[in-house]
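Enquirer: Provided herewith is a single structure, encoded as structure tokens, for subsequent inquiry.
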Amino acid sequence: MIQSTSPDSSIYYYWGKARQKDENGPACHLLPYHCLDVAAVGEVLLEQHLHLLKHFEALFRLHAEVLKPWLIFMLAAHDLGKFAESFQQLCPDLRMKWWGYIKKSVYDLRHDSLGYLLWHDPKSLRSFLSRETGSGFVPKHVDISLLYRKVLKVWLQPITGHHGLPPKVRRGTFASARSKSYFRQFDIENAIKFLDVLNTLFEPDWDALLSAVQDKAWTKMQKEATWILAGFTVLCDWIGSDNDVFEYSDKETPLDDYWKNCALSRAYSAVKRAGLLPSEPASAKPLHKLFKYIKKPTPLQVASSSIPLPQGPQLIILEDVTGSGKTEAALMLAHRLMAQGLATGIYIALPTMATANAMFERMAAVYRSFYAHDQRPSIVLTHTASYLSELFQTALFNNYHNDSPYGENEDTASIQCTTWLADHRKASLLAEVGIGTLDQALLGILPARHQSLRLLGLVNKVLIVDEVHAYDAYMNRLLQTLLHFHARMGGTAILLSATLPQMTRQEMIDAFSWGITKDRAEISNSGYPLLTHFSSSGLDEIPIDTRDEVKRNVKVELLFDENTVLSLIHQAVEQGKCVCWVRNTVFDARKAFVTLRRQHWVAKDKLSLFHSRFALKDRLALEEKILRLFGKNSGPETRNGRILVATQVVEQSLDLDFDVMVSDLAPMDLLIQRAGRLCRHVRDKNGERLQEKGIKDQRGIPIFFVYSPRPEDSPQTNWFKEVFPKVNAIYPHTGQLWRTARLLAREKGWHMPDDAREFIEWVYGEQGEAIPKALIDASDKAEGEYWAQAGMAGFNALIMEEGYTFSDGKWDEEAKIPTRLSDDSQTVYLSVWKDGCLRPYATAGRFPWDLSAVNVRADVAHELSEDLGKDVLEAVTRLKETEKALNKFSMVLPLQHITSKRLIGKISNTRGEPVDVMYSKILGLLLGEDIEEFGEIGP
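Letter by letter, the sequence shown follows residues 5 to 943 in my numbering.
See the structure below:
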């Protein structure tokens, strides 16, 4: 037993990271060394990432010479909670070796929260450092309790809460927690000794901080800065936990020597290895240099190349017709912002994985031109992991060795890093060019684990949100919160849409403006197409011309029964045309597919089904096939007589062209979007693409067929549900659907772009036809649900002004925080049980579990069924513990083959009832009653 130690030695008798028992080398990495490793990463990042330092200065309202020493000092204290006996006893051999005994205490409060508790408990660390005692390293004229109340309490929550959640000390079970329950007295004294060394090493300016807290406005703004500080601390902890760079050491070395000779030099290597420093943006280029395929820019692209871009955050909304080059216009704006030093990267947020995949295909060929020619910027797509940047994935995916876990419910930093980055949807926000779903960005403003790292990933990026019209009230409100956060952190956002209701455009501007000026900017221009530009300089609404090529008349015919739809498709097929029928639900799409498959005039090899309930492997293959059959490079040999039945997945971002289109009745803006896939490219009457300049399409005036209930003057209450019984949950506002049908019956078509704004406002605005009495209750209920969804989003979303804190009680595990209310889904990973082993459904590719994923209703896919058997369930548990692409929350669904293309299994719903499961390469994933309805269809 060690009877006494010198003050300098005692702080070395604490482990920070422990090695797995079966690994060679030192048993642990001493706690002071790990703390300095993490601080050194912060030092190097702030030294080499000047854009990030600039954002820190702006948010903290402190100059770098004051701010940096404080940040490094606090980073070095991030694991102060590991001085707790309750933590140290997790490696009992080391505790016994150093201190000669172990007092068993409950480790019910994680080490990150314990670090905050040391400061928060007034009878603990602060008591030792008070002016009254005169002990410790704090200058005697500094009131540590005052500084704690005014600023340190705010800063220390993101510093100590570095494992993805704020510390839990201030609420619930731990509201009255005291440090003496977890720390022995000498543990607290040694923590103070360590802080004393850090104070000498980094020399934070106590007087400057004491002066700053006299300004009430300054202290209030510190809460807003905590969001970026939390993400920065997580990132530094992860990089500082790279065991290949920061080698374990259990030998005493003076900490100033370790800092200079070990921590800093290794941090330079680790930061370089991580590949997270920004590449140098390219100097300003004209549009045709960025996109070599553009010979003549569209009016929107011309405007995006020339509008003044002031300093500071700005919001730009681009509204234009399909084919106007909105994506290239947005990217041109992003390039100009980067060239002016206002951003270093881009995140493109889309509504679905399919649209994200299509966007990646476009970006992969051009993203390098946004950077200087000798740079290697990283690009990441959220789900098709084979496209990950080699530099990025090598640095942050494969090269972390796992430490020994701290306990059953606590992972080490390196384990979290490996597991977290194995889910590439999260990694995309750290890459310089990220492409993914909007959900991944929205998780940055929801109380989800690691939200702070997502926000950090968006700092200094241009946030481009495509298909803004596609989001419901819940996601719209979350998007508004994200815009507020992004503006407050100095970012620029660009929103793209075919058309937006005026109310939605105003809401987006209001949310963004609140982040920079607090003054409301009223929109006044109802023109279309329109470029809306908001910054601290004010609001500018710029009308945009339209190219003759994208001006067009579309005739609309309403069809009132399914047999008429089938007759229309039959006639089109006999004429050698290709047809798409867009249905509003997966069930209706499958039903139409099965019905068509049974028709004698339909060739099975010319009929395809496309929806969201396929495993990603099959969905990507289907998407590739559909683009080949109906895309811009398709010709008569692939198009002739083909039929595609699809859901809304075809209405967004996929460059498809059909000779004939039928759509189930949907809201007006979505019908306009779907009709954009009708005669999209210029072709002759046989479907051959015509490339000559000025030539017109030879297939006649496009006719968009809409399968709809009859738009009667006085409809019955079940007017819509009688025809589409399963669609009400998706489009509940029957009054808007009735207005859409009435408008189309009256106008019999539209002219784009002239009619776009009028049609949208006629359905969504106040000037539309009065909703019939029989539909008012359903419409009022939908309106109520709309505002309830918006209210739920407001309730769920984080509040920037409150800062990174657990005090509001919102925080929970990521899997429980919805980004979509209308699609409460669960990601299921399909696996195949064979010969006593579980393998991913997708056997090829570098990331088979990503490719085996499919989303299903969360209330149906609640948990695995006990009917699977003990062997299978135990195999699932082992798999989730060993496969780094999965975690303990992952839903792995074991299936067994009954044919080469069909598999079956079981799952339990939220009521505990077993649900039969079937997966078919033709129909996708079927659950329960769907199997009875469609299960006989197969190879």
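All C-beta atoms in this analysis are idealised placements derived from N, C-alpha and C, irrespective of residue type, glycine included.
Where does the unbroken alpha helix (DSSP H) through residue 366 begin, and where does it stop?
Expert: Segment 357 to 368, the alpha helix (DSSP H) holding residue 366.
Enquirer: For a quick check, are the C-beta atoms of residue 861 and residue 835 less than 8 angstroms apart?
Expert: Taking 8 angstroms as the Cβ cut-off, residue 861 and residue 835 do not qualify as a contacting pair.
Enquirer: Would the beta-carbon of residue 794 fall within 8 angstroms of that of residue 478?
Expert: Yes, they are a contact pair.
Enquirer: With respect to the beta strand (DSSP E) encompassing residue 754, which residues constitute its N-terminal and C-terminal limits?
Expert: Residues 753 to 756.
Enquirer: Which whole runs of the beta strand (DSSP E) in the segment 745 to 792 are 3 residues long or more, in chain order?
Expert: Listed in chain order, they are 753 to 756.
Enquirer: For residue 730, which residues from the same chain have a beta carbon less than 6 angstroms from its beta carbon, with the 5 sequence-adjacent residues on both sides left out?
Expert: Around residue 730: 589 and 591.
Enquirer: Could you name each continuous alpha helix (DSSP H) segment of 4 residues or more that falls completely within the segment 119 to 161, going from the start of the chain to the end?
Expert: Fully enclosed alpha helix (DSSP H) runs of 4 or longer: 129 to 133 and 148 to 151.
Enquirer: From this set, 434, 750, 744 and 876, which residue's C-alpha is nearest residue 769's C-alpha?
Expert: Taking only the C-alpha atoms, the option nearest residue 769 is 744.
Enquirer: What is the DSSP secondary structure of residue 287, reduced to helix, strand or coil?
Expert: Note: residue 287 maps to coil in three-state DSSP.
Enquirer: My assumption, with CB atoms under 8 angstroms, is that residue 202 sits in contact with residue 81. Please give the rounded CB distance.
Expert: So it is a contact: roughly 6 angstroms between Cβ atoms.
Enquirer: Would you report the Cα separation of residue 281 and residue 53, rounded to the nearest angstrom?
Expert: Answer to the nearest angstrom: the Cα atoms are 6 angstroms apart.
Enquirer: Any idea if residue 507 is buried or exposed, counting beta-carbon neighbours within 10 angstroms, 16 or more meaning buried?
Expert: Exposed, by the Cβ-count rule.
Enquirer: Whole angstroms is fine: what's the gap from residue 882's alpha carbon to residue 900's?
Expert: Their backbone Cα atoms lie some 19 angstroms apart in a straight line.
Enquirer: Could you work out which residue in 560, 617 and 605 is closest to residue 675 when comparing CA atoms only?
Expert: Checking every option, the nearest Cα to that of residue 675 belongs to 560.
Enquirer: DSSP on residue 312, reduced to helix/strand/coil?
Expert: The answer is coil: DSSP assigns residue 312 none of H, G, I, E or B.
Enquirer: I need the straight-line Cα distance from residue 946 to residue 618, nearest angstrom please.
Expert: This structure leaves residue 946 out entirely; the chain is present only between 5 and 943.
Enquirer: In the DSSP assignment, find the alpha helix (DSSP H) that holds residue 596 and state where it starts and stops.
Expert: From DSSP, the alpha helix (DSSP H) with residue 596 extends over 590 to 601.
Enquirer: Are residue 661 and residue 681 close, meaning C-beta to C-beta below 8 angstroms?
Expert: Their beta carbons are under 8 angstroms apart, which means residue 661 touches residue 681 by this criterion.
Enquirer: Between residue 782 and residue 718, which are expected to be in contact by the criterion C-beta below 8 angstroms, what is the C-beta distance as a whole number of angstroms?
Expert: With 8 angstroms as the limit, residue 782 and residue 718 do not qualify as a contact, their Cβ atoms being about 15 angstroms apart.
Enquirer: Going straight from the alpha carbon of residue 127 to that of residue 149, what length do you get?
Expert: When rounded, the distance between both Cα atoms is 11 angstroms.
Enquirer: Assuming contact is defined by CB atoms lying nearer than 8 angstroms, are residue 809 and residue 226 in contact in what I supplied?
Expert: In this structure, residue 226 does not lie closer than 8 angstroms to residue 809 by Cβ.
Enquirer: For residue 493, does the three-state DSSP call read helix, strand or coil?
Expert: Reduced to three states, the DSSP call for residue 493 is coil.
Enquirer: Measure the C-alpha to C-alpha separation of residue 377 and residue 209 and round it to an integer number of angstroms.
Expert: Whole-angstrom Cα-Cα distance: 42 angstroms.
Enquirer: Residue 833 and residue 890 look like a contact to me (Cβ under 8 angstroms); what is the Cβ gap, rounded to whole Å?
Expert: Rounded, the Cβ-Cβ distance is 7 angstroms, consistent with contact.
Enquirer: Within 10 angstroms of its Cβ, does residue 32 collect 16 or more other Cβ (buried), or is it exposed?
Expert: Label assigned to residue 32: buried.
Enquirer: Run through the segment 891 to 924 for me and flag every whole beta strand (DSSP E) of 3 or more residues, listed as ranges in chain order.
Expert: Fully enclosed beta strand (DSSP E) runs of 3 or longer: 895 to 903, 906 to 912 and 918 to 924.
Enquirer: Excluding the five sequence neighbours on either side, which residues of its own chain have a C-beta within less than 7 angstroms of the C-beta of residue 83, listed in chain order?
Expert: Around residue 83: 20, 35, 38, 39, 115 and 119.
Enquirer: Am I right that residue 944 and residue 442 are in contact with their C-beta atoms under 8 angstroms? What's the rounded C-beta distance?
Expert: With the chain covering only 5 through 943, there is no way to say anything about residue 944.
Enquirer: To which residues does DSSP link residue 545 through a beta bridge?
Expert: DSSP lists 536 as partners of residue 545.
Enquirer: In chain order, what residues of the same chain lie with their CB nearer than 6 angstroms to the CB of residue 760, ignoring the 5 residues before and after it?
Expert: For residue 760, where only same-chain residues beyond five positions count, the Cβ hits under 6 angstroms are 503 and 532.
Enquirer: Mapping DSSP to helix, strand and coil, what is residue 647?
Expert: Note: residue 647 maps to strand in three-state DSSP.
Enquirer: How far does the alpha helix (DSSP H) with residue 272 in it reach, from first residue to last?
Expert: Per DSSP, residue 272 belongs to the alpha helix (DSSP H) from 268 to 278.
Enquirer: For residue 307 and residue 440, which I take to be in contact (beta-carbon distance under 8 angstroms), what is that distance rounded to the nearest angstrom?
Expert: About 27 angstroms separates the two Cβ atoms, so there is no contact after all.
Enquirer: Starting from the C-beta of residue 815, find all residues in its chain whose C-beta is less than 7 angstroms away, skip the five residues before and the five after it, and write them out in chain order.
Expert: These residues qualify, in order along the chain: 169, 170 and 451.
Enquirer: So, under 8 angstroms CB-CB, residue 319 and residue 87 are touching, yes? Tell me the CB distance rounded to an integer number of Å.
Expert: With a Cβ gap of about 46 angstroms, residue 319 and residue 87 do not count as contacting.
Enquirer: Is the Cβ-Cβ distance between residue 764 and residue 505 less than 8 angstroms?
Expert: Yes, the Cβ-Cβ distance between residue 764 and residue 505 is below 8 angstroms.
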